[in-house]
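If you read the protein sequences in the order shown, they are chains W and L.
The numbering of the first sequence is our numbering, which starts it at 14 and goes up by one.
The numbering of the second sequence is our numbering, which starts it at 20 and goes up by one.
Below is one structure; the comments refer to it alone.
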Amino acid sequence: MDALPESVDAVAEGLRAAGYLPGGSTALVAYLATRLQRPVLVEGPAGVGKTELAKAMASYLGRELVRLQCYEGLDEAKALYEWNYRKQLLRIQAEADGAGWAEVQDDIFGEEFLLARPLLQAISAKRPVVLLIDEIDKTDQEFEAMLLELLSDFQITIPELGRIAATSQPVVLLTSNNSRELTEALKRRCLYLWLDYPSIEHELEIVRLHAPELPESVARKLVELVAMVRELDLKKPPSIAESIDWARALLLLGREDIDAATFSETMSVIVKHRTDVELVAARVGLALQ
Amino acid sequence: MSLDEQLLAFADQLRGEGVAIGTSELLDAFAALGEVDWRERATFQSTLGATLAKSPEDRHLFDLVFERFFFRATEAAAIEAGVTEAGAAAGGEAGAQIDLDELREQIAHALADGDEARMRDLARLALAVIARVGDGSNVVGIDVQRIRRALGLRSDPQPDYPPGDPRRDGLPREALRRFEAILRRELERAQIERTMQLPPSRPLGELDRALPSGPAADLAAVHRVVAQLRRRLASAGAERRGSRRHDHVDIRRTMRASLQTGGVPVIVKYRPRRPRRPEIYVLCDVSTSVTSASVFFLSVLHALHDSFRRMRSFVFIERISEVTDTFAAERSFRAVSDAISADAGVADVSGYTDYGRVWSEFRALVEDDLHPRATVIVLGDARTNGRDPRADIFATIAARAGRTFWLNPEPRLYWNYGDSVIDAYAPHCTVFECWTTRQLEDFVRALTRTIAR
Chain W
14 MDALPESVDA
24 VAEGLRAAGY
34 LPGGSTALVA
44 YLATRLQRPV
54 LVEGPAGVGK
64 TELAKAMASY
74 LGRELVRLQC
84 YEGLDEAKAL
94 YEWNYRKQLL
104 RIQAEADGAG
114 WAEVQDDIFG
124 EEFLLARPLL
134 QAISAKRPVV
144 LLIDEIDKTD
154 QEFEAMLLEL
164 LSDFQITIPE
174 LGRIAATSQP
184 VVLLTSNNSR
194 ELTEALKRRC
204 LYLWLDYPSI
214 EHELEIVRLH
224 APELPESVAR
234 KLVELVAMVR
244 ELDLKKPPSI
254 AESIDWARAL
264 LLLGREDIDA
274 ATFSETMSVI
284 VKHRTDVELV
294 AARVGLALQ
Chain L
20 MSLDEQLLAF
30 ADQLRGEGVA
40 IGTSELLDAF
50 AALGEVDWRE
60 RATFQSTLGA
70 TLAKSPEDRH
80 LFDLVFERFF
90 FRATEAAAIE
100 AGVTEAGAAA
110 GGEAGAQIDL
120 DELREQIAHA
130 LADGDEARMR
140 DLARLALAVI
150 ARVGDGSNVV
160 GIDVQRIRRA
170 LGLRSDPQPD
180 YPPGDPRRDG
190 LPREALRRFE
200 AILRRELERA
210 QIERTMQLPP
220 SRPLGELDRA
230 LPSGPAADLA
240 AVHRVVAQLR
250 RRLASAGAER
260 RGSRRHDHVD
270 IRRTMRASLQ
280 TGGVPVIVKY
290 RPRRPRRPEI
300 YVLCDVSTSV
310 TSASVFFLSV
320 LHALHDSFRR
330 MRSFVFIERI
340 SEVTDTFAAE
350 RSFRAVSDAI
360 SADAGVADVS
370 GYTDYGRVWS
380 EFRALVEDDL
390 HPRATVIVLG
400 DARTNGRDPR
410 ADIFATIAAR
420 AGRTFWLNPE
430 PRLYWNYGDS
440 VIDAYAPHCT
450 VFECWTTRQL
460 EDFVRALTRT
470 IAR
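Set out below in structure tokens:
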């Protein structure tokens with residue numbers, strides 16, 4: 014098993030080195046997750062770096078990232094495992110005569126005929142991995158219930174094979190956009206991390222990290238404007254990724270300052286709804302003049 | 020008390036506030052504390068938070084209870100051990116020598132830097148100095164404001180100060196708020212020390228959860244409630260699909276499935292059950308006695324528009340007026356309430372609600388559209404100002420509609436007192452008490468429940 018991080022500061026340091034600036038209790042919860050071997054449920058608005066956290070964890074711990082993107086209608090066959098019917102069929106046909114029923118039956122339900130999907134992959138990997146179950150709130154409650162066995166005991170029960178216990182302990186992160194209430198049973202098994210939009214200072218640091226050529230004064234103005242836009246009642250408030258995009262767009266255009274004209278030209282990078290655009294243009298555009 | 024007992028007591032208080040904490044969460048909390056160096060307050064708090072409070076709402080409650088519980092626990096322990104602050108007496112003499120202007124500047128800098136620890140130290144120093152200038156009023160809230168004024172802490176720019184002084188551009192509002200909170204804490208601490216006893220503990224209770232009311236209703240709070248309700252509705256759908264009694268057999272699909280079994284209908288196929296999407300008529304009283312509740316309620320319903328098939332809203336005082344389009348066009352809460360008061364034309368002369376007239380007008384407007392699958396919701400306090408309630412007309416409306424709900428934004432205690440005639444209408448509809456968000460949620464749950472066709 015790979016070495017586990019020694020302290021909270023070590024985790025914070027490592028995440029920073031991986032290009033992720035952890036804020037508040039992020040590093041602490043990440044550290045607890047590795048030490049207690051508990052899954053972490055990360056919740057927060059869209060675009061605050063929930064998925065990025067998993068990627069940074071993987072790169073920091075030097076582990077492979079196994080990702081399961083959830084969507085409505087996701088079922089076991091796509092998440093856990095599936096029998097490889099074609100191969101099973103071939104096996105039966107090749108065995109056309111001679112072998113008895115019992116023998117073939119035992120044979121075709123062996124691990125050789127199993128197609129591992131992300132969850133099975135994650136626990137049967139030789140080296141421990143980071144497992145990211147993205148947007149768990151998009152699935153239905155049945156799927157959540159299916160996850161429980163995996164999350165609490167790190168094992169999967171396959172009726173024909175029996176229990177498959179984990180060969181390595183993955184670090185599990187579940188993300189949710191909070192679009193529906195998750196079940197108590199699932200929450201009970203997880204540590205909880207709430208990621209919110211970062212403070213102005215913190216976001217400035219992030220923008221500076223990803224667009225270092227942008228002058229500090231412009232970057233500061235940019236994050237202040239983004240914070241102002243988030244205050245408004247929008248359909249989709251700008252995410253951190255969008256502030257970074259905006260910073261890069263300004264760099265490409267070679268703008269030295271954000272004035273009213275620049276703002277109205279480049280606003281579409283951070284505001285993406287027609288009604289939102291009108292509102293932002295009215296409120297923020299006015300403040301810039 | 021040992022740490023274990025303290026934590027258990029803390030968990031108990033959280034449960035009392037409605038945060039679901041099981042034994043497994045507590046075990047997690049203890050295990051997590053074993054892994055970190057929790058002598059620092061922030062670490063301790065976020066470790067407990069990560070293991071005990073597992074939704075944004077719970078987290079908010081957790082932070083409030085944490086603050087309250089550990090403050091009280093420390094003070095209780097201090098009283099028990101007879102510890103008083105040695106500095107308090109000495110502070111008197113030291114305080115005399117401190118230059119007030121110097122202190123003001125120091126605090127301004129600490130606020131501008133957002134340095135929490137320094138703010139705490141300076142707050143204590145400020146208390147020691149200023150408490151001597153005039154006697155405290157012993158009312159914490161008043162003292163906090165008095166001290167803040169004495170320190171000259173303001174968020175608006177004060178150009179008299181030299182460049183480089185943070186007060187020149189005004190102090191950050193957020194830091195000011197934090198400093199006030201610290202002052203409050205320190206004053207409470209001093210008070211406890213003087214009287215040697217804890218003030219009674221106040222439950223968070225409904226105060227934090229009550230519906231936002233008044234003209235400055237908190238928009239963010241409204242949206243939080245709406246988001247919550249929408250989530251509840253989204254996850255409730257699955258449960259509704261579960262019940263399988265009274266299902267109708269789908270003959271076509273059953274026959275088709277029977278082909279596999281040689282025409283014997285072994286597998287019976289049912290018609291899918293679709294959750295009911297009611298057609299809704301909302302009537303809202305917007306007279307001054309209930310305005311804030313009704314506009315809030317209307318905006319919640321409109322935000323939930325997706326869950327309903329069709330919805331028409333009316334506002335009334337003396338007369339009735341349809342405002343469905345106003346809500347469709349305006350997104351902001353404030354704009355809607357302005358639009359309603361400006362052009363709805365619902366008040367004639369007196370500005371007092373006239374239920375009798377409203378019922379007859381409403382019946383004339385929608386009589387032909389009402390059918391057994393429609394739902395009528397009335398929001399009002401049923402205060403007729405002495406006019407005839409005309410419950411007979413209301414009864415005919417209720418009879419035509421499938422369901423009729425009445426939401427009363429007054430606490431049950433006030434019902435049927437004075438000119439409230441809710442009992443006249445109660446036989447014809449289901450009456451809900453609705454003045455906290457929780458009650459509103461109960462109502463929405465009742466509204467979206469499937470009914471047998």
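The C-beta atom is built at its ideal place from N, Cα and C for all residues, glycine as well.
Cβ-based burial, residue i [other Cβ within 10 Å; buried from 16]
| i | result |
| --- | --- |
| residue 20 (chain W) | exposed |
| residue 304 (chain L) | buried |
| residue 209 (chain W) | exposed |
| residue 29 (chain L) | buried |
| residue 442 (chain L) | exposed |
| residue 433 (chain L) | exposed |
| residue 40 (chain W) | buried |
| residue 403 (chain L) | buried |
| residue 224 (chain L) | Interpretation of residue 224 (chain L) is limited by its pLDDT of 44, a score under 50 that renders its predicted location unreliable; the figure taken from the coordinates is listed afterwards. By the 10 Å Cβ count, residue 224 (chain L) comes out exposed. |
| residue 226 (chain L) | Because the pLDDT at residue 226 (chain L) is just 40, under 50, the model does not fix this residue reliably, and the value given afterwards should be weighed accordingly. Flag for residue 226 (chain L) reads exposed. |
| residue 76 (chain W) | buried |
| residue 24 (chain L) | exposed |
| residue 458 (chain L) | buried |
Within chain W, the residues that residue i reaches when beta carbons sit closer than 9 angstroms
| i | result |
| --- | --- |
| residue 78 (chain L) | 205 and 207 |
| residue 75 (chain L) | 56, 57, 191, 207 and 209 |
Contact set between residue i and chain W, taken where Cβ atoms lie within less than 7 angstroms
| i | result |
| --- | --- |
| residue 62 (chain L) | 41 |
Opposing strand residues paired with residue i [DSSP bridges]
| i | result |
| --- | --- |
| residue 205 (chain W) | W:54 |
| residue 175 (chain W) | W:171 |
| residue 413 (chain L) | Residue 413 (chain L) is not bridged to any residue. |
| residue 189 (chain W) | W:56 |
| residue 330 (chain L) | L:299 |
| residue 277 (chain L) | DSSP, once it has assigned bridges, lists no residue as partnering residue 277 (chain L). |
| residue 424 (chain L) | L:396 and L:449 |
| residue 122 (chain L) | Per DSSP, none; premise fails for residue 122 (chain L). |
| residue 145 (chain W) | W:80 and W:186 |
Under 8 angstroms from the C-beta of residue i: neighbouring residues of chain W
| i | result |
| --- | --- |
| residue 55 (chain L) | 21, 41, 44 and 45 |
| residue 44 (chain L) | 201 |
Beta strand (DSSP E) segment containing residue i, residue limits
| i | result |
| --- | --- |
| residue 339 (chain L) | 339 to 341 |
| residue 300 (chain L) | 298 to 304 |
| residue 261 (chain W) | Element bounds for residue 261 (chain W): not the beta strand (DSSP E) but the alpha helix (DSSP H), 253 to 266. |
| residue 80 (chain W) | 78 to 82 |
| residue 95 (chain W) | 94 to 96 |
| residue 129 (chain W) | 127 to 129 |
Alpha helix (DSSP H) segment containing residue i, residue limits
| i | result |
| --- | --- |
| residue 90 (chain L) | 75 to 100 |
| residue 232 (chain W) | 229 to 244 |
| residue 63 (chain W) | 63 to 74 |
| residue 43 (chain L) | 42 to 54 |
| residue 275 (chain W) | 273 to 279 |
Closest by C-alpha distance to residue i, when choosing among the options
| i | options | result |
| --- | --- | --- |
| residue 378 (chain L) | L:302, L:391 and L:434 | L:302 |
| residue 424 (chain L) | L:464, L:405, L:343 and L:402 | L:464 |
| residue 121 (chain W) | W:301, W:221 and W:174 | W:174 |
| residue 288 (chain L) | L:274, L:299 and L:280 | L:274 |
| residue 166 (chain L) | L:201, L:280, L:185 and L:187 | L:201 |
| residue 269 (chain W) | W:228, W:301 and W:288 | W:228 |
| residue 398 (chain L) | L:184, L:451, L:65 and L:284 | L:451 |
| residue 164 (chain L) | L:149, L:177 and L:266 | L:149 |
| residue 79 (chain W) | W:201, W:147 and W:105 | W:147 |
| residue 235 (chain W) | W:159, W:272 and W:250 | W:272 |
| residue 75 (chain L) | W:58, W:65, W:71 and W:62 | W:58 |
| residue 282 (chain L) | L:291, L:270 and L:459 | L:270 |
7 angstroms Cβ cut-off: residues of chain L touching residue i
| i | result |
| --- | --- |
| residue 151 (chain W) | Simply none; closest approach about 11 angstroms. |
Amino acids of chain L, ordered along the chain, whose beta-carbon sits closer than 8 angstroms to that of residue i
| i | result |
| --- | --- |
| residue 49 (chain W) | 47, 50, 51 and 54 |
| residue 26 (chain W) | The premise fails here: residue 26 (chain W) is roughly 16 angstroms from chain L at the closest Cβ pair, so nothing lies under 8 angstroms. |
| residue 200 (chain W) | 73 and 74 |
| residue 197 (chain W) | 39 |
Any non-hydrogen atom of the ligand COA within 7 angstroms of residue i CB
| i | result |
| --- | --- |
| residue 300 (chain W) | The ligand COA is not part of the structure shown, which contains no ligands of any sort. |
Contact list for residue i against chain L, beta-carbon separation under 9 angstroms
| i | result |
| --- | --- |
| residue 38 (chain W) | 61, 62, 64, 65, 66, 68 and 69 |
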